[in-house]
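Engineer:
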Amino acid sequence: MPQRHSKNNNDLAFFTYDEKRKLGYGTQKERLGKDSIKPFDACCLCLKPFIDPMSCQKGHAFCKECILECLLAQKKDIQRRLAAHTAQQKQEKEEEEEKLMLQKARELDAFDQQNHGAVPQYNGRNYSRDKNGFHGANSVKVTSYEEEALRTMKAFWLPSATPEASVKVEAPSTCTICPEGKEKLKLKSLFPIYFTEDDSEQKKSNSLDKTYICPSCKVTLTNTLSLVALSSCGHVFCKKCADRFMAVDKVCLVCDKACKERNLVTLEKGGTGFAGHDDHLEATEFKHLGSGTGLGLVRPAAKT
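Under this note's numbering, the first residue of the sequence shown carries the number 11, and numbering increases by one thereafter.
Now the structure itself:
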C-alpha cells in the first residue's frame with residue numbers, strides 16, 4: 011500500500027511546511043489601501059475631519075480640542091507621578107531615620123551589656139521593645155511560637171510569608187510630548203492652520219464634502235501632495251508654491267504677512283499609529299504557532 015503524501019499526513023509530531031502555510035505561519039505582508047491611510051485633513055488623534063486645526067512645529071496637525079485635552083491629561087499624569095515620587099522620598103527618609111534610631115538603641119544596649127552584664131532579650135533580626143519601651147534585662151520577648159515558625163519557614167506560597175519588593179518610582183519628566191512625533195511639545199509652540207476651501211459652483215453641486223485647494227495655484231489638495239503651512243499666519247499651500255514664492259519673496263500670498271524660511275512647516279500626511287505613508291505602504295506582521303494549539307499567534311511588526 012503506498013504511503014500517504016506529506017500534505018495529507020496528520021500523524022507527525024511536528025508541522026509540515028504545507029501545514030504551516032495553511033495556519034498562516036511566517037511573515038505576512040499586505041500593501042495598504044486607501045482606506046488604511048489617514049486623509050491629510052484628518053486629526054492625528056481622533057482621525058476625524060479637522061475642527062479648528064492646530065499644528066506643531068514638526069507638522070503634526072490636530073483638532074484644537076483634541077490636543078488641548080491630550081496636553082491636559084499629560085500634565086495631570088505628571089502631577090500624579092511627581093506626588094508618588096515625593097511620597098516615596100518621604101518614606102525612604104523616614105525609614106532611614108528609623109534605622110538610625112535602631113542603630114543607636116543597639117549601641118546603647120551593647121554598652122549596657124558590657125558595663126552592667128545585662129543580657130538583652132533580642133537578636134539583630136527579632137529586635138522588639140516591650141510595652142513600656144525598656145531594653146536590656148527589663149525587656150520581655152513577646153514573639154509567639156507561631157510567629158517565630160512563620161518567620162523561619164520557607165512557605166513562599168503563603169501571602170503572609172511572601173517577601174515584597176519595593177517598587178522604585180523614578181522622577182518623571184515635567185515636559186509634555188507630542189502624541190504623534192514623541193518630541194517635546196508646549197502649548198505656546200502650537201499655531202492654528204487655515205485651509206482654503208473651494209467655493210466654485212461646480213464643486214458645491216457635485217460633492218457635499220469640503221474640498222480644499224492651494225490659494226496660489228488652485229490645485230485640489232490631496233494626500234499625493236506635500237503641504238506647507240506658515241507658522242506666522244497659518245495659511246496652507248502646496249510645497250511647489252511655497253518653495254517658488256514664499257521662500258523667495260518672504261511674504262504670504264494670502265494675507266501679505268512677512269514670513270521667514272523657518273516659518274515654513276511641512277505638514278505630515280497620511281501616517282497614523284496603525285498605517286504608514288509615502289514609502290511605507292506595506293503592512294507586515296509575524297505569526298508563530300502557539301504551543302499545543304495549532305493556531306497562529308500574531309505578533310505585530312516592530313516600527314522602524
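Where is the CB? At the ideal position from N, CA and C, for every residue including glycine.
1. Let me make sure I understand the geometry here. Which of Val264, Asp87, Gln113, Lys109 has the alpha-carbon closest to that of proline 225?
2. Ends of the beta strand (DSSP E) at threonine 26?
3. Given a cut-off of 9 Å, decide if leucine 200 and valine 238 are closer than it, judged by their beta-carbon atoms.
4. Indicate the three-state DSSP secondary structure (helix, strand or coil) for isoleucine 223 in the structure shown.
5. For a test of the three-state rule: what should DSSP assign to cysteine 76, helix, strand or coil?
6. Output the distance between the C-alpha atoms of glycine 69 and aspartate 219, rounded to the nearest integer angstrom.
7. Just verifying my parser: in three-state terms, what is the DSSP assignment at valine 150?
8. Can you tell me whether histidine 145 is buried or exposed, with buried defined as 16 or more other CB within 10 angstroms of its CB?
9. Alpha carbon to alpha carbon, how far is leucine 82 from phenylalanine 121? Give it in angstroms, no decimals.
10. Kindly confirm or deny that the region 87 to 101 and the region 253 to 269 touch, where touching means at least three C-beta pairs closer than 8 Å.
11. Within a Cβ cutoff of 8 Å, which residues of the same chain sit near methionine 64, ignoring the five residues on either side of it in sequence?
12. Let me check one thing: in DSSP terms, what residues is serine 65 bridge-paired to?
13. Which residues does DSSP pair with leucine 263 in a beta bridge?
14. Could you check which residue in Lys228, Thr230, Ala181, Cys66 has the C-alpha nearest to that of histidine 95?
15. Using DSSP with H/G/I as helix, E/B as strand and the rest coil, what is cysteine 251?
16. Rounded to whole angstroms, what is the Cα-Cα separation between threonine 206 and glutamate 190?
17. Do lysine 279 and serine 236 count as a contact pair if the criterion is CB distance below 9 Å?
18. At which residues does the beta strand (DSSP E) containing threonine 276 begin and terminate?
19. From the DSSP secondary-structure annotation, give me the bridge partner or partners of lysine 194.
20. Excluding the 5 residues flanking valine 246 on each side, which residues of the same chain have their C-beta closer than 6 Å to its C-beta?
21. Starting from the Cα of lysine 85, find the closest Cα among Val177, Leu112, Gln124, Leu197 and give me that residue.
22. For cysteine 185, count the other beta carbons within 10 Å of its own beta carbon; 16 or more makes it buried, fewer makes it exposed. Which is it?
23. Roughly how many angstroms separate the alpha carbons of aspartate 28 and leucine 57, rounded to a whole number?
24. Alpha carbon to alpha carbon, what distance is there between leucine 195 and glutamine 113?
25. Can you find the residues in the same chain that come closer than 6 Å, C-beta to C-beta, to valine 179, ignoring five residues on each side of it along the sequence?
26. Could you check the C-alpha separation between tryptophan 167 and phenylalanine 25 for me, to the nearest Å?
27. Around the C-beta of serine 183, are 16 or more other C-beta atoms found within 10 angstroms, so that it is buried, or is it exposed?
28. Only counting the same chain, and skipping five residues up and downstream in sequence, which positions put a Cβ closer than 8 Å to that of leucine 22?
29. From aspartate 51 to phenylalanine 255, what distance separates their C-alpha atoms?
30. Roughly how many angstroms separate the alpha carbons of cysteine 188 and lysine 109, rounded to a whole number?
31. Measure the beta-carbon distance from cysteine 53 to phenylalanine 60 and round it to whole angstroms, keeping in mind my assumption that it falls under 8 Å.
Structural biologist: In short:
1. Looking at the Cα atoms, Val264 is the closest of the given residues.
2. For threonine 26, there is no enclosing beta strand (DSSP E), as DSSP marks it with neither H nor E.
3. The answer is no: Cβ separation not under 9 Å.
4. Judged by DSSP in its simplified three-state form, isoleucine 223 adopts strand.
5. Under the three-state reduction of DSSP output, cysteine 76 falls in the helix class.
6. Cα-Cα distance, rounded: 24 Å.
7. Because valine 150 sits at a pLDDT of 41, beneath the cut-off of 50, its placement in the model cannot be relied upon, and the following sentence gives the value as read from the coordinates. DSSP places valine 150 in coil when its eight states are reduced to three.
8. Because histidine 145 carries a pLDDT of 44, less than 50, the predicted location of this residue cannot be relied on, and the following value inherits that uncertainty. By the 10 Å Cβ count, histidine 145 comes out buried.
9. Going by C-alpha positions, phenylalanine 121 is about 59 Å away from leucine 82.
10. No: the two stretches stay apart, fewer than three of their Cβ pairs being nearer than 8 Å.
11. Listed in chain order, the non-local C-beta contacts of methionine 64 below 8 Å within the same chain comprise Ala71, Phe72, Cys73, Lys74, Ile77, Leu200, Phe201, Pro202, Ile203, local neighbours out to five positions each way being set aside.
12. For serine 65, the beta-bridge partners assigned by DSSP are Ala71, Phe201.
13. Beta bridge pairing from DSSP links leucine 263 with no other residue.
14. Selected option, being the one with the closest Cα: Ala181.
15. Looking at cysteine 251 - three-state DSSP - the assignment turns out to be helix.
16. If you take the alpha carbons of threonine 206 and glutamate 190, they lie about 25 Å apart.
17. Pairing serine 236 with lysine 279 gives a Cβ-Cβ distance under 9 Å.
18. Annotation for threonine 276: the continuous beta strand (DSSP E) segment containing it runs 274 to 276.
19. The partner list for lysine 194 (beta bridge, DSSP) reads Ile187.
20. If you ignore the 5 residues before and after valine 246, its C-beta comes within less than 6 Å of the C-beta of Ile203, Phe205, Leu237, Ala239, all in its own chain and listed in chain order.
21. Minimum Cα distance to lysine 85 is reached at Leu197.
22. The residue is exposed, with fewer than 16 neighbouring Cβ atoms inside 10 Å.
23. C-alpha separation (whole angstroms): 40 Å.
24. Cα to Cα, glutamine 113 sits roughly 49 Å from leucine 195.
25. Result list for valine 179: Ala94, His95, Gln98, in chain order.
26. Between tryptophan 167 and phenylalanine 25, the C-alpha separation is close to 38 Å.
27. The residue is exposed, with fewer than 16 neighbouring Cβ atoms inside 10 Å.
28. Cβ within range, chain order: n/a, list empty.
29. Their backbone Cα atoms lie some 24 Å apart in a straight line.
30. Cα to Cα, cysteine 188 sits roughly 44 Å from lysine 109.
31. Cysteine 53 to phenylalanine 60, Cβ: 6 Å. Contact.
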